[in-house]
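Let me begin by presenting the structure, written as structure tokens, before commenting on it.
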């Protein structure tokens, strides 16, 4: 249950992170970089309010390397739909390649 709670919290945290990092590229193009940064920091605040407890909870069942690879897998899982549906990007074979690389990373970091 701790593992699932960690994954759920990291996923929610990553949604905030993805918007904080990239949404300004679409929605704040007409604003100065400082305004975009301040808005992004405001969004990132909520990311950290979820991410820090998620990693603390997750450290009960995952080691540091596992937490990091888990976060990267979640990042790609959240980022691809964001890129397609919010940013209107086209999916390329590079996304599949990145996914395969992360699957390999997961295999090695989670094997006994």
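Residue numbers (the numbering used here): 2 to 113.
Cβ atoms here follow ideal geometry from the backbone N, Cα and C, with glycine treated the same way.
Just so you know, these numbers come straight off a predicted model, no measurement behind them.
For the structure I just gave you, are there three or more beta carbon pairs, one from the region 42-53 and one from the region 15-23, closer than 8 Å?
yes
| request: Would you mind giving the Cβ-Cβ distance between residue 74 and residue 107, rounded to the nearest angstrom? I have them listed as a contact below 8 Å. | output: Here residue 74 corresponds to residue number 73 of the chain shown, with the count starting at 1. Here residue 107 corresponds to residue number 106 of the chain shown, with the count starting at 1. Confirmed, about 6 Å.
Meets three-Cβ-pair contact criterion under 8 Å: the region 57-71 and the region 4-13
yes
Here's the rule I'm using: 16 or more other beta-carbon atoms within 10 Å means buried, otherwise exposed. How should residue 51 be labelled?
Sequence index remark: in the chain shown, residue 51 carries index 50 (1-based). Under this definition residue 51 is a buried residue.
- Message: Here's a check: name, in chain order, each residue in its chain whose Cβ is nearer than 8 Å to the Cβ of residue 92, leaving out the five neighbours to either side.
- Response: By 1-based counting over the chain shown, the position of residue 92 is 91. Once the five neighbours on either side are set aside, the close Cβ partners of residue 92 are 81, 84 and 85.
List, from N- to C-terminal side, the alpha helix (DSSP H) runs of 4 residues or more that fit wholly inside the region 29-96.
34-59 and 65-82
Residue 55 vs residue 77 beta-carbon contact at 8 Å: Counted from its first residue, the chain shown places residue 55 at position 54. Counted from its first residue, the chain shown places residue 77 at position 76. Going by C-beta atoms, residue 55 is not nearer than 8 Å to residue 77.
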